[in-house]
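Student: Read in order, the letters of the sequence shown correspond to residues 0 to 168 in numbering that gives the first Met the number 0.
Heads up, the beta-carbon is just placed ideally off N, CA and C, and yes, glycines get one too.
Given the structure is predicted, the values throughout are model-derived calculations rather than measurements.
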Amino acid sequence: MKLSDLSPLMARRGDGGLSFDRFRADSALASLQWPDDVLEQFLFDHGDNAAFTVDYGGIDLRGITWRLETIPAAEFSGMPTGASDTGCIESFAENPVHWVKVRPPEVGRHWEEHGTWRRPPILIDRRLLDSSDSGLQVLEGRTRVGVLRGRLREGLHVASLHQAWVGHP
C-alpha cells in the first residue's frame, strides 16, 4: 500500500467529511495497525501533502514498523528531512523562540520545564527510502526539530533525550 492508494480516503478527509476517529476506522487502513499518533500526524494530517507524496510516495506503508524511541538530542543536529522540504528545519532553528510563541502557551511551558516537545515527532529509518542508506530522517515534526536545534544553538534549556516515533523496515 502506497500513499497514492489512499487518495479516495484522503479526498474524503480533505472535504471535511472525516473526523480522525472515522478516518482511523476506515477499512483502507485496517492492515496498517499503526499507533494512532503516527496515523494522525503522518496520514491524517499530511497524507495528501504534495511534498509528502513526492518524498514518501514510494514507501510500502505496510512495510513500516513503528516504535516510540528515546533519542539523544545530538542525533537531531544533522538529521535531514525529505528533499522537498530541504532547509525548512534550519529555517525554524533560526528563531526557535518565535516558533514556540506562535503555538499554544502550554508548548512554551513544556519546553521551559522539560526541555523537549509535548508530542513526539515522526522519524523514519532512511533504509525505507533507499536500502543502501542509513540513519534517521524527520518525516513530521520539522518545526519541533528546528526548535530543538535552535534552542541548543542559543543555549536554552534542552533535555539530553527526546522521544520520537521511529518507522523501521
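Would you mind sorting Gly166 into buried or exposed? The rule is 16 or more other CB atoms within 10 Å of its CB.
Tutor: To locate residue 166, count along the sequence shown from 1; it is residue 167. By the neighbour-count rule (16 or more Cβ atoms within 10 Å), Gly166 is buried.
Student: Could you tell me the alpha carbon to alpha carbon distance between Leu67 and Ala24, rounded to whole angstroms?
Tutor: Along the sequence shown, read from residue 1 onward, the residue named residue 67 stands at position 68. Along the sequence shown, read from residue 1 onward, the residue named residue 24 stands at position 25. Straight-line Cα distance between these residues: approximately 22 Å.
Student: Touch check for the stretch 103 to 118 and the stretch 52 to 69: three-plus C-beta pairs under 8 Å?
Tutor: Segments in contact, no.
Student: Could you round the C-beta distance between Ile88 and Arg150 to whole angstroms and report it? I think they count as a contact, below 8 Å.
Tutor: Against the sequence shown, residue 88 aligns to sequence position 89. Against the sequence shown, residue 150 aligns to sequence position 151. Ile88 to Arg150, Cβ: 13 Å. No contact.
Student: Pro168: which of Leu160, Val137, Asp129 and Thr52 sits nearest, CA to CA?
Tutor: Walking along the sequence shown from the start, residue 168 turns up at place 169. Out of Leu160, Val137, Asp129 and Thr52, Asp129 has the C-alpha closest to the C-alpha of Pro168.
Student: Taking Cβ to Cβ, would you say Arg118 is nearer than 9 Å to Arg143?
Tutor: Translated into positions along the sequence shown, residue 118 becomes position 119. Translated into positions along the sequence shown, residue 143 becomes position 144. Cβ distance < 9 Å, so Arg118 and Arg143 count as in contact.
Student: Kindly identify the DSSP beta-bridge partner or partners of Thr64.
Tutor: Your numbering for residue 64 matches position 65 in the sequence shown. According to DSSP, Thr64 bridges with His167.
Student: Which residue or residues does DSSP assign as beta-bridge partners of Val137?
Tutor: Walking along the sequence shown from the start, residue 137 turns up at place 138. Answer is Thr80 and Leu122, bridged to Val137.
Student: In its own chain, which residues sit with a C-beta less than 7 Å from the C-beta of Arg12, not counting the 5 before and 5 after it?
Tutor: Indexing the sequence shown from 1 puts residue 12 at position 13. Correct list, in chain order: Phe22 and Phe43.
Student: Could you compute how far the alpha carbon of Gly57 sits from the alpha carbon of Leu122?
Tutor: Working through the sequence shown from its first residue, we reach residue 57 at position 58. Working through the sequence shown from its first residue, we reach residue 122 at position 123. Looking at the two C-alpha atoms, the distance is approximately 16 Å.
Student: Can you list, in chain order, the residues of its chain whose CB lies under 6 Å from that of Arg176, leaving out five sequence neighbours each side?
Tutor: A query on residue 176 cannot be resolved here, the shown segment of the chain reaching from 0 to 168 and no further.
Student: Go ahead and label Val157 buried or exposed: buried means 16 or more other beta carbons lie within 10 angstroms of its beta carbon, across all protein chains shown.
Tutor: Start at 1 with the first residue of the sequence shown, and residue 157 comes out as number 158. Val157 is buried by the Cβ-count criterion.
Student: Does DSSP put Leu28 in a helix, in a strand, or in coil?
Tutor: As a working mapping, residue 28 is identified with position 29 in the sequence shown. Reduced to three states, the DSSP call for Leu28 is helix.
Student: So Ala72 and Ser159 are in contact, right, with Cβ under 8 Å, and what is the actual spacing, rounded?
Tutor: Against the sequence shown, residue 72 aligns to sequence position 73. Against the sequence shown, residue 159 aligns to sequence position 160. Confirmed, about 6 Å.
Student: Looking at Ala50 and Asp4, is the spacing between their C-beta atoms short of 9 Å?
Tutor: Reading the sequence shown from its first residue, position 5 is the one you call residue 4. Reading the sequence shown from its first residue, position 51 is the one you call residue 50. Not a contact, by the Cβ cut-off of 9 Å.
Student: Here's the rule: buried if 16 or more other CB atoms are within 10 angstroms of the residue's CB, otherwise exposed. What is Pro79?
Tutor: As a position in the sequence shown, residue 79 is number 80, starting the count at 1. Exposed.
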